[in-house]
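Per this note's numbering, the very first residue in the sequence shown carries number 94; after that it's consecutive.
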Amino acid sequence: MSAAAQTLLAIVLLAGALFKLRDRRRSADALATYGIGPVRVRFAALGLIVAAELAIAAALLAGLAWAPDGACALFVSFAFASAAALLAGRAGRPCACFGAGSRLSPASPVQALLAGALAFALSRHWLGAAPSGYDRWLSAGLTLSLVAVAVMGVVVLALAREVGVLRLSLASQGALEIPDEGPRVGQHQPWAAAVAWAPGTLLALAIFNSEGCPMCRRLEPAVSYVAADPLLAVRIFDEVADAPAWAAAAVPGSPYAVALDAAGVALAKGTFNSLVQLEGIIATARERETELALAL
C-alpha cells in the first residue's frame, strides 16, 4: 500500500514538473498569480519548483526516508499559496499547477491538501511499512501499469468521441435527395401557393414536420435560423394540419424540405438532419435556378 502511494505521489510530481517545462515562459508568467514579481524572479522560482518536484519524485521512487516529509511540505506550501491567491481574488487565472494551461480554482488548494495528507500518512507509516528491494519495485511497477491503463482508457474515450464527431460531420455533408420520392424536381407544385411570399423573396422553402418527430424538434433552431433570411419564404407543413399538402407532395417522411422558385417549381428537395444539410438544399436550389435562367 505504501509503495503504491509513493508511486502515485511521484507520478503527480513528475507530471507537474514536465508540464511546467513544456512551456516554461507561460508557466513562469503564471506564477504572477501568486504575486511573484519580475520576470527573472518568476523564472528562478519556476526552476526551484521544478527542481523540488523532480527531486522529491525521484526520492519517492527510490524509497528514501525523507521523501514523504518533503512531499508533504511541498504540497502543503502549494495549498497555502493557492488559498492565498484565491483570497486575493485571482480565481480563474493561470496557476501553472500542471503546466501553463492550468487555472486556479477553489479545488486547487483542496487537491494539494489531499496529496499532502497522503504524503503525511506515508511519513507516519499509517499505510504500512515501506517494502524494500524487489517488493517495492514490483509494487511501483504495478501502480505505474494501472495508471497507464487508466490514461489509455481516457485517451480511447477521447478518440471515440472524436470519431463520433467525425462521422456526424461526414454524414451531414449533403441532404438525401431521391428522385422518386417527394415532389418531382422541375415541375410546378400546386400546394406551393400556401407559401406566403414577401417583396424581395427569391426562393421558397417548404419544411414538412411531424408532431411526433424528435428530430424535427431538435432541428427547430436550424429552421428558425434559415427562416430569418429575408431572401427566403419559409412555410412549415404539419403532417396532420396540412395533410393535403403532404399527400400532394408525396413526402416520404419528416423532416423533409423542398425549395421552390417564385412560380412554385420544385428546385431541390431532400431529407435533412442538420443545418448544413438544410442549407445544402437551398444552395442546390439556387444553383439549379441559375442553370434554368441561363438555359432560357
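We put the beta carbon where it would ideally sit given N, CA and C, even for glycine.
- Here Leu360 has Val278, Ala352, Leu353, Asp354, Ala378, Arg381 and Glu382 as same chain residues with Cβ atoms under 7 Å from its own Cβ, once five neighbours each way along the sequence are excluded.
- Classified as exposed, Asp273 has fewer than 16 neighbouring CB atoms from the shown chains inside 10 Å of its CB.
- By the C-beta density criterion, Phe171 is buried, having at least 16 other C-beta atoms within 10 angstroms.
- In this structure, the beta-carbon distance from Ala193 to Ala108 does not fall below 7 Å.
- Cα atoms of Phe136 and Cys190: separation of roughly 15 Å, rounded to the nearest angstrom.
- In the displayed model, Ile129 falls within coil according to three-state DSSP, outside both helix and strand.
- Within the same chain, Cβ atoms closer than 7 Å to the Cβ of Ala286 are found at Gly357, the five residues on either side in sequence being excluded.
- Excluding sequence positions up to five before and after Gln282, its CB lies within less than 8 Å of the CB of Pro276, Ala341, Ala342, Val351, Leu353, Gly357, Val358 and Ala359, all in the same chain and listed in chain order.
- Note on Phe330: 16 or more other CB atoms within 10 angstroms of its CB, so buried under the neighbour-count rule.
- Exclusion of the five residues before and after Pro202 leaves Ala172, Ser175 and Ala176 as the residues of its chain whose Cβ lies within less than 6 Å of its Cβ.
- Look at the beta carbons and you see the stretch 362-374 touching the stretch 298-317: at least three pairs across the two are nearer than 8 Å.
- Under the three-state reduction of DSSP output, Cys165 falls in the helix class.
- In the three-state reduction of the DSSP assignment, Phe330 falls in the strand class, which pools E and B.
- Boundaries of the alpha helix (DSSP H) harbouring Val203: Ala200 to Ser216, taken from the DSSP string.
- With respect to the 7 Å criterion, Ala160 and Leu167 are not classified as neighbours on the basis of their beta carbons.
- In the DSSP assignment, Gly363 falls outside any alpha helix (DSSP H) and within the unbroken beta strand (DSSP E) covering Ala359 to Thr364.
- Apart from sequence neighbours up to five positions away, the residues of its chain that approach Ala338 with a beta-carbon distance below 7 Å are Trp284, Ala287 and Phe330, ordered along the chain.
- With respect to the C-alpha of Glu146, the residue from Pro187, Leu102, Leu180 and Val316 having the closest C-alpha is Leu102.
- Straight through space, the alpha carbons of Pro307 and Val333 are spaced by roughly 16 Å.
- Between Lys362 and Val369, the alpha-carbon positions lie close to 14 Å from each other.
- In this structure, Thr126 lies near Cys188, with their beta-carbon atoms less than 7 Å apart.
- Of all alpha-carbon atoms in Ile271, Ala326, Trp219 and Leu114, the one lying nearest the alpha-carbon of Gly140 is that of Leu114.
- When the five nearest sequence neighbours on each side are left out, the beta carbons in the same chain lying within less than 7 Å of the beta carbon of Ala212 are those of Leu102, Pro161, Ala164, Cys165 and Phe168, in order along the chain.
- Of the candidates Met245, Glu304, Ala97 and Pro292, the residue whose Cα lies closest to the Cα of Gly156 is Ala97.
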